[in-house]
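Undergrad:
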Amino acid sequence: MTKVWLHGYHGRMGQEILHLLEEDSHLKFLGGSSRNQLILPGREPNGYSPNDLVESLGETDVIIDFSNIAGNQAIFKACKTHKLEPKAFVIGTTGLDRGARNAWKDLCREAGHRLLFAPNTSLGVLLTMKMSQQMAQVLSPMGFDIEIIESHHRNKVDSPSGTAMFLADRICDKVDLKVSTHRTGKREANELGVFALRGGSVFGEHEVRFMGDHEELAISHRALSRTLFAKGALLLAKWIQKQKPGQHYGLPDVDLNDLA
Ligand SMILES: NC(=O)C1=CN([C@@H]2O[C@H](COP(=O)(O)OP(=O)(O)OC[C@H]3O[C@@H](n4cnc5c(N)ncnc54)[C@H](O)[C@@H]3O)[C@@H](O)[C@H]2O)C=CC1
Ligand SMILES: O=C(O)C1=N[C@H](C(=O)O)C[C@H](O)C1
């Protein structure tokens, strides 16, 4: 049995993942952490220090993080300062900047951890990314403009979404465009604009639009619940465990056929 730690336990995603973990025959919930509490089965939830956290993580095989930037920083600091034995990580938290991601990558190399950055754990988004890259490679040289629009619930703290930035960056790996997130004036010729809507209880919608002079193509993904993110997170927790230690991975490294 693979033992799982849930960082961001009390959150929307934390609770969704917990429900699925309870039914999973290969993964076992070992414990969780939120901003103020350590949750260990059979014990009263308690306040904790970084030392307590690392002690609890000792027994864990995979750490799944769905918290926020401060939460991600907290678990990073705890792991770095207290020299945790090699673990596997699935980082679902979004909004991390390049500095934070690089710090995690260095830590992986130093400590022999395996880590996957997964700003969207739905398998459909992985496919959306691959298809967007292919479409961009054909359509951008033909003069089509590419823009991304995303919608999320009113409580989301980061904007644009991690997924929208991921889609934009991965498209720009294939075509020579520059991502723009705060356009106020005229669209530049080499831009890929990213736009965010916030409201209601939208689970997560992303649309990549390829806008030509005489026709338009689009590829979109709509989450119909949070269950798909939670299911994907558990599949990816199993996937990351099989990867090489001391390495970090991104969603493009994941072959959908390996998850079936
Ligand atoms: N990768 C994916 O497919 C998805 C990623 N997300 C991302 O996951 C993150 C969480 O999303 P939600 O569950 O909707 O948010 P939420 O606000 O419901 O939950 C966040 C959780 O983080 C905890 N937290 C805050 N500060 C912390 C700290 N210092 N230490 C430990 N825990 C801390 C809070 O107590 C709370 O339990 C966000 O970054 C969101 O963008 C959300 C859905 C899907
Ligand atoms: O906060 C959310 O809810 C979501 N966040 C992720 C993101 O920022 O892309 C993934 C998903 O769209 C839901």
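The numbers in the sequence shown follow the UniProt record's numbering, run straight up by one, and end at 260. Every residue, glycine too, gets a C-beta built ideally from N, C-alpha and C. Bear in mind that the values here come from a model prediction, so they are computed numbers and not experimental data.
Taking only runs that begin and end inside the stretch 181 to 250, name each unbroken beta strand (DSSP E) of 3 or more residues, in chain order.
TA: 191 to 198, 205 to 211, 216 to 222, 247 to 250
Undergrad: Whole angstroms are fine: how far does the CA of Ile149 sit from the CA of Ala189?
TA: 18 Å
Undergrad: Specify, as a first and last residue, the run of the beta strand (DSSP E) that Val4 falls within.
TA: 2 to 7
Undergrad: Alpha carbon to alpha carbon, how far is Arg187 from Ser151? Give it in angstroms, no decimals.
TA: 21 Å
Undergrad: Could you tell me the boundaries of the alpha helix (DSSP H) in which Ala103 lies?
TA: 98 to 111
Undergrad: Go ahead and label residue 344 buried or exposed: buried means 16 or more other beta carbons lie within 10 angstroms of its beta carbon, across all protein chains shown.
TA: What the structure shows of the chain is the stretch from 1 to 260, and residue 344 is not part of that stretch, so it cannot be assessed.
Undergrad: How far does the beta strand (DSSP E) with Phe29 in it extend, from its first residue to its last?
TA: 27 to 33
Undergrad: Using CA coordinates, which residue listed in Phe66, Lys238, Asp52, Thr93 is at the minimum distance from Cys79?
TA: Asp52
Undergrad: So is the beta-carbon of Ala70 under 7 Å away from any non-hydrogen atom of ligand 2?
TA: Taking the Cβ of Ala70 as the reference point, every heavy atom of ligand 2 lies at 7 Å or farther away.
Undergrad: Would you check if the distance between the CB atom of Val4 and the CB atom of Leu20 is smaller than 8 Å?
TA: no
Undergrad: Nearest CA to the CA of Gly42: which residue from Gly31, Ser49, Asn36, Arg35?
TA: Gly31
Undergrad: Look up Leu84 in the DSSP assignment and say whether it is helix, strand or coil.
TA: coil
Undergrad: Compute every distance between the C-beta of Ala260 and the non-hydrogen atoms of ligand 4, then say whether any falls below 7 Å.
TA: No copy of ligand 4 appears in this structure; the ligands present are ligand 1 and ligand 2.
Undergrad: Is Val254 helix, strand or coil when you go by DSSP?
TA: coil
Undergrad: Candidates Leu116, Ile219, Ala136, Leu177: which alpha carbon is nearest Gly232's?
TA: By alpha-carbon distance to Gly232, the top candidate from Leu116, Ile219, Ala136, Leu177 is Leu116.
Undergrad: So does Pro119 have its beta carbon nearer than 7 Å to some heavy atom of ligand 2?
TA: yes
Undergrad: Assess contact between the stretch 100 to 116 and the stretch 229 to 247, defined as three or more Cβ pairs (one per stretch) separated by less than 8 Å. Is contact present?
TA: Contact holds: three or more Cβ-Cβ distances are below 8 Å.
Undergrad: From what residue to what residue does the beta strand (DSSP E) around Asp145 run?
TA: 145 to 152
Undergrad: Expressed to the nearest angstrom, what Euclidean distance is found between the alpha-carbon atoms of Ala70 and Ala164?
TA: 21 Å
Undergrad: Rounded to a whole number of angstroms, what is the C-alpha to C-alpha distance between Ala136 and Val175?
TA: Distance between the alpha carbons of Ala136 and Val175: 7 Å.
Undergrad: Evaluate Met142 with the Cβ neighbour count: other Cβ atoms within 10 Å of its Cβ, from every protein chain shown; 16 or more gives buried, anything less gives exposed.
TA: Note on Met142: under 16 other CB atoms within 10 angstroms of its CB, so exposed under the neighbour-count rule.
Undergrad: Going by DSSP, name the residue or residues bridged to Val125.
TA: According to DSSP, Val125 bridges with nothing at all.
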